[in-house]
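Remarks on the structure that follows.
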Amino acid sequence: MFKLWSTILKDIRILTRDKLGLVFMFVMPIVLAIVITAVQNSTFEMLNTNTVPMLMCNRDTGEAGRQMEAAIVKVGMFKLKQVEVGQTDKQISDRMHAKDAVIAIIIPEDFTQKLKQKAEETAKKALKNFGMQTDSVIVDTSAVQPLTLLYHPVLQESFRHSINGALKSALQVVQNKEILKSLYFALNDKAMPDSFENELMSNQVAINEVPVSRDGSRNIPNASQHNVPAWTVFAMFFIVISLGGSVVREKLNGSFIRLKTLPTNYIVALISKQLSYLFVTFIQALVVFSIGIWLFPIMGLPKLDLPADITGVVVVTLICGWCAVSYAIMIGVFAKTQEQANGIGAVSIVLMAAVGGLLVPSFAMPASFQIVMKMSPLHWCLEAYYGLFLEGGKFKDVLLNIIPLLGITLAIQLITIYGLKRKNLI
Amino acid sequence: MSNAAVRITNLGFTYPRESTSCFSNLNLDVLEGERFGLFGPNGAGKTTLMNCMTGLLLYQQGSIQLLGNEIAHHKKSINKLFGFVPQDFSFYQELSPVENLAFFGAWSGLNKAEIKNKTTELLEVMGLTDVRNKKVEEFSGGMKRRVNLAIGVIHNPKILFLDEPTVGVDVHTRHAIISYLKKLNEEGTTLVYTSHQLSEAEDLCNKVALIDDGKIIAHDTLQQLMHDHKEEGLEGLFINLTGKSYRN
Numbered sequence: 001m002f003k004l005w006s007t008i009l010k011d012i013r014i015l016t017r018d019k020l021g022l023v024f025m026f027v028m029p030i031v032l033a034i035v036i037t038a039v040q041n042s043t044f045e046m047l048n049t050n051t052v053p054m055l056m057c058n059r060d061t062g063e064a065g066r067q068m069e070a071a072i073v074k075v076g077m078f079k080l081k082q083v084e085v086g087q088t089d090k091q092i093s094d095r096m097h098a099k100d101a102v103i104a105i106i107i108p109e110d111f112t113q114k115l116k117q118k119a120e121e122t123a124k125k126a127l128k129n130f131g132m133q134t135d136s137v138i139v140d141t142s143a144v145q146p147l148t149l150l151y152h153p154v155l156q157e158s159f160r161h162s163i164n165g166a167l168k169s170a171l172q173v174v175q176n177k178e179i180l181k182s183l184y185f186a187l188n189d190k191a192m193p194d195s196f197e198n199e200l201m202s203n204q205v206a207i208n209e210v211p212v213s214r215d216g217s218r219n220i221p222n223a224s225q226h227n228v229p230a231w232t233v234f235a236m237f238f239i240v241i242s243l244g245g246s247v248v249r250e251k252l253n254g255s256f257i258r259l260k261t262l263p264t265n266y267i268v269a270l271i272s273k274q275l276s277y278l279f280v281t282f283i284q285a286l287v288v289f290s291i292g293i294w295l296f297p298i299m300g301l302p303k304l305d306l307p308a309d310i311t312g313v314v315v316v317t318l319i320c321g322w323c324a325v326s327y328a329i330m331i332g333v334f335a336k337t338q339e340q341a342n343g344i345g346a347v348s349i350v351l352m353a354a355v356g357g358l359l360v361p362s363f364a365m366p367a368s369f370q371i372v373m374k375m376s377p378l379h380w381c382l383e384a385y386y387g388l389f390l391e392g393g394k395f396k397d398v399l400l401n402i403i404p405l406l407g408i409t410l411a412i413q414l415i416t417i418y419g420l421k422r423k424n425l426i
Numbered sequence: 427m428s429n430a431a432v433r434i435t436n437l438g439f440t441y442p443r444e445s446t447s448c449f450s451n452l453n454l455d456v457l458e459g460e461r462f463g464l465f466g467p468n469g470a471g472k473t474t475l476m477n478c479m480t481g482l483l484l485y486q487q488g489s490i491q492l493l494g495n496e497i498a499h500h501k502k503s504i505n506k507l508f509g510f511v512p513q514d515f516s517f518y519q520e521l522s523p524v525e526n527l528a529f530f531g532a533w534s535g536l537n538k539a540e541i542k543n544k545t546t547e548l549l550e551v552m553g554l555t556d557v558r559n560k561k562v563e564e565f566s567g568g569m570k571r572r573v574n575l576a577i578g579v580i581h582n583p584k585i586l587f588l589d590e591p592t593v594g595v596d597v598h599t600r601h602a603i604i605s606y607l608k609k610l611n612e613e614g615t616t617l618v619y620t621s622h623q624l625s626e627a628e629d630l631c632n633k634v635a636l637i638d639d640g641k642i643i644a645h646d647t648l649q650q651l652m653h654d655h656k657e658e659g660l661e662g663l664f665i666n667l668t669g670k671s672y673r674n
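Residue numbers (the numbering used here), protein chains in the order written: chain X, 1 to 426; chain E, 427 to 674.
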């Protein structure tokens, strides 16, 4: 025990004297958590506080064009900036290049007329199907000039798709209104009263959003709940830079050789490193979570809400930390130089984070990546944290994530011991 | 008659993935209480032999016994019998001499009180008391050599292996180290030493062996070897026995 304690003391002394390593281990996760949460939060807020700037060029003078404008405003995603009707597409593009807006919508001149035609055609088809009107000629309106959406290439594909979806729903509202009007007119031979039109259009079934939580709470997870655990896991694994490098340094400076000639098994050194750095990963998590709880609200970011099962969070943090530390030691044992340890360590962590669902949600991964994803320890760490932070689960609820994580950790430990034996170090 | 501190019998060693062996049927005895010097040109096998003797390399044939204990059995208890001072600085430069001695003392099997006493004694002997709490990385080469040596002897080993313990140090430090090694020997520690400093070896060693191409080509007291080969110094004897050609 005295040997182990002496070794832990030595490791902690070396660790605390490596100022750059400490900065890397503690400042990096804090910066990552703050930056990524702020960015995601601003995206979230942009979508919810009407702040996506959109250039609106309504060349149509009819009612449908105005309705389309109103429907877009009603979607609640966009801040409309009107463009003079006389401006060409090229001039609108130039304004977008000047970052005046990231999207622009052009409503063509004959939008109302063509939309009406299309609505009438649909109404006639419907009546014909009902067997109520068979003698009228159905005009082909497939060549209706479409709405044009210009978007800046910086706009991410997923974001563009969500904008597209919002515009389609606005267009659907306008189009449905025209179809209803046409049907009403065909059936009643008079225009549909405004009151009835409003009643029909506003009588939409509401969507009730309910997050599926394990504890029955209905709190909608915010950007902090998503990002803080994710980047804490990333930071824990990035300990490979400090710990992997430390193992390599020990091998290169001859300390390993000396230790091998002493009457103590090198396993003591391995246990010491694991305990010392496990402590570091725990402190990392503590610091990042504390920042999420106390600093984020001051910075205008959503507060991190800790799950009800604090013991579960502590145990998950320790297991994630143990896996991260084991991985770092394995890299250090196999790397021949510090550069190798840093390079392989950093790149492999980024790759494992990418396939593990830290950069792209795991449900969005292609099917071929699902197996690879399950091999990433970061994936299981993240899933365990999400089970607690997002789903409101308890430790028993995330056991199915913890078991594979422990399996991976054990495999890493065995590989490390094999590496040490192969190099005649134990 | 003295017992063998180190007994090497029919030693055979080949590095993994190499076809030619470093040693084949090598025999050598270092008696208890000797100040034994192992010399040879570059690539002769000095460091490899020392690594075999300290258990850092596992030999394929023969045996090496330290005070009657087979080193190949690799029992950690055998490691208490000897100390090793490698050529490289084998300690933590981020730590102070006191912290290094505390750590390596614990790993050498000493308890807290023994470490404290031995640390005070060694820092005094090595002239490091004033800098006991400074980081070793701030030390000169000579001071680092003394720290390297102090760590190797903290547990009062019966045999001390020294691989170039004075390389790159000034005259004063060399003199201090050699004096300390002689004192250790007088107290009963057997020294097994390699160096390129032949004049230093003449001063320190009472028994020498010359190794070349994995074979012991001479082994006796320094006086006897010089007498046998009609040489007046170890350098002349060295050239006489190993030739003048470059070695890699």
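Using N, Cα and C, we set each Cβ at its ideal position, and we do this for glycine too.
Note that the structure is a prediction, hence the values are computed from the model and not measured.
| In terms of residue numbering, what span does the beta strand (DSSP E) encompassing E/N453 cover? | F449 to L457
| request: Identify every residue that forms a DSSP beta bridge with E/G438. | output: E/Q487
| request: Can you give me the Cβ contacts of X/Q338 inside the same chain, cut-off strictly under 7 angstroms, excluding the 5 residues immediately before and after it? | output: G245, V248 and R249
| If you draw a straight line from the alpha carbon of X/Y386 to that of X/E157, how long is it in whole angstroms? | 26 angstroms
| said: For a contact defined as C-beta to C-beta under 7 angstroms, what are the partners of X/I257 on chain E? | reply: L482, P512 and S516
| request: Rounded to whole angstroms, what's the CA-CA distance from X/G392 to X/N401? Just pull it up for me. | output: 15 angstroms
| Rounded straight-line distance, which links the Cα of E/G659 to that of E/S621 | Going by C-alpha positions, E/S621 is about 15 angstroms away from E/G659.
| Could you give the residue range of the alpha helix (DSSP H) that holds X/G345? | Judged by DSSP secondary structure, X/G345 falls within the alpha helix (DSSP H) whose first and last residues are Q338 to G356.
| task | Keeping to the same chain, check which residues put their C-beta closer than 8 angstroms to that of E/K656; ignore five residues upstream and five downstream. | result | none
| said: Is there a C-beta anywhere in chain E that falls below 8 angstroms from the one on X/T7? | reply: Output row for X/T7: interface = yes.
| said: So the candidates are X/P307, X/F369, X/W380 and X/A70; which of them puts its Cα closest to the Cα of X/G321? | reply: X/W380
| Within 10 angstroms of its Cβ, does X/L359 collect 16 or more other Cβ (buried), or is it exposed? | exposed
| field | Chain-ordered residues of the segment 263-276 of chain X with a beta carbon less than 9 angstroms from chain E | value | P263, T264, N265, V268 and A269
| field | CB contact below 8 angstroms: X/I329 versus chain E | value | no
| Contacting residues, own chain, Cβ-Cβ under 6 angstroms from E/E612 (five flanking each side not counted) | Within the same chain, and ignoring the five residues on either side of E/E612 in sequence, no residue has its Cβ closer than 6 angstroms to its Cβ.
| query | Whose C-beta lies closer than 6 angstroms to the C-beta of X/V173 among residues of the same chain, with five residues either side of it excluded? | reply | A71
| Start-end ranges of the alpha helix (DSSP H) lying completely within the segment 57-88 of chain X, minimum 4 residues | 63-75
| task | State yes or no: is the C-beta of X/L200 within less than 8 angstroms of the C-beta of X/L180? | result | yes
| task | Determine the chain X residues that contact E/N582 at a beta-carbon separation under 8 angstroms, and present them in chain order. | result | The contacting residues do not exist; E/N582 stays about 13 angstroms from chain X at best.
| DSSP three-state call for E/V573: helix, strand or coil? | helix
| request: Could you check how far apart the C-beta atoms of X/T112 and X/D60 are, in whole angstroms? I think they sit under 8 angstroms. | output: The distance from the Cβ of X/T112 to that of X/D60 is about 5 angstroms, consistent with a contact at the 8 angstroms cut-off.
| message | Assuming X/L378 and X/F237 are in contact, meaning their beta carbons sit under 8 angstroms apart, how far apart are those beta carbons, in whole angstroms? | response | 6 angstroms
| Pick from X/K99, X/I92, X/A119 and X/K114: whose alpha carbon is nearest that of X/I106? | Of the candidates X/K99, X/I92, X/A119 and X/K114, the residue whose Cα lies closest to the Cα of X/I106 is X/I92.
| field | Residue from X/A104, X/M25 and X/D309 with nearest C-alpha to X/V325 | value | The residue among X/A104, X/M25 and X/D309 with its C-alpha nearest the C-alpha of X/V325 is X/M25.
| task | Determine, using beta carbons only, whether X/M96 and X/H152 come nearer to each other than 8 angstroms. | result | yes
| alpha helix (DSSP H) runs contained entirely in the segment 145-195 of chain X, provided each spans 4 or more residues | 157-188
| request: Provide the residue(s) that pair with E/N495 in DSSP beta bridges, ordered along the chain. | output: In the DSSP output, where bridge partners are listed per residue, E/N495 has E/L492.
| task | Compute the distance between the beta-carbons of E/R433 and E/Q491, then report whether it is under 8 angstroms. | result | yes
| request: My understanding is that X/F363 touches X/Q225, with C-beta atoms under 8 angstroms, so please give their C-beta distance in whole angstroms. | output: Not a contact, Cβ separation roughly 17 angstroms.
| said: Any beta carbon of chain X sitting closer than 8 angstroms to that of E/L437? | reply: No, E/L437 lies away from the interface with chain X (no Cβ there is under 8 angstroms from its Cβ).
| said: By the three-class DSSP mapping on this structure, what secondary structure does X/P29 have? | reply: helix
| Neighbourhood of E/R600 by C-beta, 6 angstroms cutoff - its chain only, sequence neighbours within 5 removed | T592
| field | E/Y518 in three-state terms, based on DSSP | value | coil
| task | For chain E, find out if any of its Cβ atoms is closer than 8 angstroms to the Cβ of X/F24; answer yes or no. | result | no
| field | Residue-chain proximity (E/F529, chain X), Cβ-Cβ < 8 angstroms | value | Yes, contact with chain X.
| query | What does DSSP give as the partner residues of E/T620 in its beta bridges? | reply | E/L464 and E/D589
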